[in-house]
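2 protein chains.
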Amino acid sequence: MMCEACDYVKMLQSHGLDPTPLREAVLRSVGQESRPLAAAEIMAAVRSRMSINKVTLYRILGLLVEKGLVKRLSAGDRAFRYGMGETRHHPSHPHFLCTECGVMECLDPELLPVDIKKCRGKGKRVIKHVDVRFEGICERCAKVDTE
Amino acid sequence: MMCEACDYVKMLQSHGLDPTPLREAVLRSVGQESRPLAAAEIMAAVRSRMSINKVTLYRILGLLVEKGLVKRLSAGDRAFRYGMGETRHHPSHPHFLCTECGVMECLDPELLPVDIKKCRGKGKRVIKHVDVRFEGICERCAKVDTE
DNA sequence: ATCTACATGCAACTAAGTTGCAAGCCAGAA
DNA sequence: TTCTGGCTTGCAACTTAGTTGCATGTAGAT
Ligand SMILES: [Zn+2]
Ligand SMILES: [Zn+2]
Ligand SMILES: [Zn+2]
Ligand SMILES: [Zn+2]
Chain V
0 MMCEACDYVK MLQSHGLDPT PLREAVLRSV GQESRPLAAA EIMAAVRSRM SINKVTLYRI
60 LGLLVEKGLV KRLSAGDRAF RYGMGETRHH PSHPHFLCTE CGVMECLDPE LLPVDIKKCR
120 GKGKRVIKHV DVRFEGICER CAKVDTE
Chain Z
0 MMCEACDYVK MLQSHGLDPT PLREAVLRSV GQESRPLAAA EIMAAVRSRM SINKVTLYRI
60 LGLLVEKGLV KRLSAGDRAF RYGMGETRHH PSHPHFLCTE CGVMECLDPE LLPVDIKKCR
120 GKGKRVIKHV DVRFEGICER CAKVDTE
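If you're matching them up, the sequences are chains V and Z in order. In terms of numbering that gives the first Met the number 0, the first sequence opens at residue 0 and continues consecutively. In terms of numbering that gives the first Met the number 0, the second sequence opens at residue 0 and continues consecutively.
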């Protein structure tokens with residue numbers, strides 16, 4: 000989820016990460032978007048302003064995910080998407096994946112109807128979080144189809 | 000989900016697929032398990048009884064998925080899991096993924112709390128189905144951890 | 001007998017991500 | 001100052017899971 004209020008440098012620092020230009024650019028690229036991005040998209044976004052190596056990108060994403068600043072989402076295809084981690088301003092929410100064009104969109108947190116607590120305690124497994132993904136045809140693809 | 004009642008040959012035929020030994024073995028391997036399997040696990044299961052090539056396995060899985068006999072699930076890691084498709088006996092249900100050992104388990108359909116209809120009509124996107132995945136530590140891993 | 005369709009196999013390829021290792025840089029020690 | 005250790009980045013090679021192209025085998029139709 001996009002957020003103009005986020006200070007990416009501060010976010011990095013408060014999680015013990017040196018706010019290097021590349022880290023800031025990666026976090027900003029993720030934070031400015033209204034949908035989770037694939038690594039290739041993040042790379043393109045960062046590269047429009049500076050130079051970054053593939054390995055460096057994946058290592059930065061790994062760090063950000065580890066610190067919880069970024070969340071790694073599985074999209075039903077073989078490429079992960081990266082979106083902002085949960086905070087007060089960005090609550091957990093479900094996603095929508097277009098099976099036609101592969102675009103993933105963030106949905107209203109209200110649509111996340113899963114009561115985790117109800118599911119804990121079933122057996123002795125420990126449930127940490129839920130991932131809800133709706134699949135179908137996005138607005139853009141639906142439009143093209145009917146034309 | 001496992002099912003002793005399923006006649007795999009009939010299932011193949013009723014979906015217009017020639018019930019070859021390999022197809023039957025693949026479908027049976029998926030059907031006999033109580034959890035969705037990764038392609039490598041299915042391959043091992045089939046190979047314990049007959050010889051099968053990697054490509055053939057993926058092509059058979061592709062066919063079965065296309066016909067709806069098998070469902071391809073994303074597991075949060077980079078390998079898909081394959082479980083039985085929805086039928087009267089096997090309703091849609093959420094899954095649990097152990098982030099420690101990677102095992103995926105089927106959960107009670109009752110735990111599927113998402114009301115798709117409520118989510119349709121929001122915007123003009125077409126929602127076809129939901130995929131709910133709980134993540135955490137499975138019973139076996141939790142046990143090992145406390146030892 | 002020949003033709004076609006389909007099922008399978010083998011080798012090579014692909015996409016997304018990972019590992020190993022070296023180079024650059026900078027703070028603090030000597 | 002120079003040396004050192006740790007962190008950040010880059011490049012090449014590798015890995016994993018799955019796919020594509022093409023050849024072969026087999027069965028039924030003509
Ligand atoms: Zn679309
Ligand atoms: Zn989101
Ligand atoms: Zn486990
Ligand atoms: Zn299942």
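For each residue, glycine too, the CB sits at the ideal point set by N, CA and C.
Beta-bridge analysis with DSSP links tyrosine 81 of chain Z to Z/Leu36 and Z/Arg71.
For the options V/Asp17, V/Pro108 and V/Glu99, the alpha carbon positioned closest to that of histidine 88 of chain V is the one of V/Pro108. Distance from the C-beta of glycine 82 of chain V to the nearest heavy atom of ligand 2 is below 8 Å. Here the residues close to ligand 1, judged by CB distance below 7 Å to any of its heavy atoms, are V/Cys97, V/Glu99, V/Cys100, V/Val102, V/Ile136, V/Cys137, V/Arg139 and V/Cys140 in chain order.
Interface criterion not met: the Cβ of lysine 70 of chain Z is under 9 Å from no Cβ in chain V.
Shown here for arginine 22 of chain V: same chain residues with a beta carbon closer than 8 Å to its own, the five before and five after excluded, namely Leu11, Leu16, Ile59, Leu62 and Leu63 in chain order.
Taking CB atoms only, histidine 128 of chain Z has a neighbour in chain V less than 9 Å away.
Residues of chain V whose Cβ lies closer than 7 Å to the Cβ of valine 125 of chain Z are, in chain order, Gly135, Ile136 and Ala141. For the pair valine 129 of chain Z and arginine 46 of chain Z, the Cα-to-Cα distance works out to about 33 Å. Shown here, leucine 96 of chain Z sits in a strand according to DSSP, grouped into three states.
Residue nearest to leucine 96 of chain Z within the set Z/Arg27, Z/Pro90 and Z/Gly75 is Z/Gly75 (criterion: CA-CA distance). The C-alpha of arginine 132 of chain V lies about 8 Å from the C-alpha of arginine 132 of chain Z. According to the DSSP assignment, valine 129 of chain Z belongs to the beta strand (DSSP E) that extends over 125–136. Where methionine 49 of chain Z is concerned, there is no enclosing beta strand (DSSP E), because DSSP gives it neither an H nor an E. Linking leucine 36 of chain V to proline 20 of chain Z through their CA atoms gives a straight-line distance of about 42 Å.
At least one beta carbon of chain Z lies nearer than 9 Å to the beta carbon of glutamate 104 of chain V. Straight-line spacing of the CA atoms in glutamate 32 of chain V and glutamate 40 of chain V works out to 11 Å.
Alanine 37 of chain Z is outside the set of residues whose beta carbon lies under 9 Å from a beta carbon in chain V. Sorting V/Ile126, V/Lys127 and V/Cys105 by C-alpha distance to the C-alpha of glycine 30 of chain V places V/Cys105 at the top.
DSSP places glutamate 23 of chain V inside the alpha helix (DSSP H), whose first and last residues are 20–31. DSSP places cysteine 140 of chain Z within a helical segment (H, G or I) once states are collapsed to three. Identification of chain Z residues near glycine 82 of chain V by a Cβ-Cβ cut-off of 7 Å yields none; the smallest Cβ-Cβ distance measures about 14 Å.
At a threshold of 8 Å, proline 35 of chain Z counts as near ligand 4, since its beta carbon sits closer than that to one of the ligand's heavy atoms. Going by C-alpha positions, aspartate 6 of chain V is about 11 Å away from serine 13 of chain V.
In this structure, the beta-carbon distance from lysine 123 of chain V to alanine 78 of chain Z does not fall below 9 Å. Between leucine 72 of chain V and proline 93 of chain V a beta carbon distance of about 10 Å is seen, past the 8 Å cut, so the two are scored as non-contacting.
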